[in-house]
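These notes are about the structure you will find just below.
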Amino acid sequence: MGSCGAKQNANEKPDERVGRDMGFTIYFIKQKFSSVENITTQEVRQQVDEAEQAKLKGEQPGCQPVLVDVREEKEYNVSHIPGAKWVPPGATYEQASTTLGLPRAHPEVQPLYLYCSVGFRSSKLAQMLQEKGETHVKNIEGSLFKWANEGGPLVDNAGAPTKKVHAYGSLWGKLIHDVESRVYDE
Numbered sequence: 552m553g554s555c556g557a558k559q560n561a562n563e564k565p566d567e568r569v570g571r572d573m574g575f576t577i578y579f580i581k582q583k584f585s586s587v588e589n590i591t592t593q594e595v596r597q598q599v600d601e602a603e604q605a606k607l608k609g610e611q612p613g614c615q616p617v618l619v620d621v622r623e624e625k626e627y628n629v630s631h632i633p634g635a636k637w638v639p640p641g642a643t644y645e646q647a648s649t650t651l652g653l654p655r656a657h658p659e660v661q662p663l664y665l666y667c668s669v670g671f672r673s674s675k676l677a678q679m680l681q682e683k684g685e686t687h688v689k690n691i692e693g694s695l696f697k698w699a700n701e702g703g704p705l706v707d708n709a710g711a712p713t714k715k716v717h718a719y720g721s722l723w724g725k726l727i728h729d730v731e732s733r734v735y736d737e
């Protein structure tokens, strides 16, 4: 009897499998939330780096992205992107607007870049914010798992650098390259 799943290639390296599976996940999320614009992890890192460099030079950054973590608090506490604001999944517009200071006076220079583990929960919130009239709201493609897989900086709840990532579950955890970085609920 055959299998309904994709065949595992015996010669495939784990990173190649993670890349393939992440690509499929991103594709699915883009189809499900087709009205939500995405931004790549590389573009986010570039904009964050440029804003930091401008601040170091005493200049006003042209773009000051607001990073928004849309995961459970226990996930956020394990690690998040430095400077990210936390909004729980399933937050109402009123809850999100309180945390994020919505509506924003200048959304074009303070875009909201949302992420979760892989992009589903953040896309859902981005879609809701757009439906409420918010502009310059994007989902970070591949979200925190892709960010971590590419070596992006992470901090724990105390602000200390970390490599740990809450895996959300055993299935989703397989999308994190570094097995030692995965943290599961006890």
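Going by the numbering used here, the sequence shown opens with residue 552, and the numbers climb by one from there. Ideal placement from N, C-alpha and C gives every residue a C-beta, glycine not left out. Quick caveat: nothing in here was measured; it's all calculated off a predicted structure.
- In the same chain as residue 703, and ignoring 5 residues on each side of it, the C-beta atoms closer than 8 Å to its own belong to 592, 596 and 632, in chain order.
- Per DSSP, the beta-bridge partners of residue 712 are 706.
- Under DSSP, the beta-bridge partners assigned to residue 588 are 689.
- The alpha-carbon separation between residue 719 and residue 683 amounts to approximately 28 Å.
- In the displayed model, residue 666 falls within a strand according to three-state DSSP.
- The Cβ-Cβ distance between residue 670 and residue 700 does not fall below 8 Å.
- A straight-line Cα-Cα distance of about 5 Å links residue 667 and residue 621.
- The distance from the Cβ of residue 651 to that of residue 619 is about 7 Å, consistent with a contact at the 8 Å cut-off.
- Judged by pairs of C-beta atoms under 8 Å, the segment 712 to 729 does not touch the segment 608 to 619, as fewer than three such pairs exist.
- With fewer than 16 neighbouring CB atoms inside 10 Å of its own CB, residue 730 falls in the exposed class.
- Nearest to residue 626 by C-alpha distance, out of 725, 722, 708 and 728, is 708.
- In this structure residue 575 is exposed. Its beta-carbon is surrounded by fewer than 16 other beta-carbon atoms within 10 angstroms.
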